[in-house]
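What follows is a short report on a single structure.
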Amino acid sequence: LPKAITLELSDGLAMELVLIPAGELVMGDPNGAGDERPASRVRIDKPFYMSRHEVTHVQFAALVDAAGEA
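In the numbering used here, the protein residues as written are 9 to 78.
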C-alpha cells in the first residue's frame with residue numbers, strides 16, 4: 009500500500025491521507041496528564057488511512073455528500 013494518497017473530494021477540494029500500518033505500539037504516557045495514563049499496548053490488526061491534517065467542515069460536508077448521507 010502507498011504510504012500516502014490524495015483523496016479528491018470535489019472541485020479542487022482534496023484530503024491527504026497517510027497509511028497507519030498494522031502492528032503494535034504503546035499508547036499513553038505513565039508520567040503524562042491524567043487523560044494520557046495509563047500507558048497500554050495497542051494492536052492494530054489491519055492497516056488503514058487517516059487524514060494527515062484535521063478535517064475541515066467543508067471536507068466533512070463533501071465526504072457526507074459523496075456517501076449520500078445528506
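Idealized CB from N, CA, C, for every residue including glycine.
- Proximity to L71 across A47, K11, L21 and A12 peaks at L21, based on C-alpha coordinates.
- With respect to V34, A12 sits apart: the two C-beta atoms are not nearer than 8 Å.
- In the three-state reduction of the DSSP assignment, E32 falls in the strand class.
- CA-to-CA, the gap between G36 and V50 works out to about 10 Å.
- With fewer than 16 neighbouring CB atoms inside 10 Å of its own CB, M58 falls in the exposed class.
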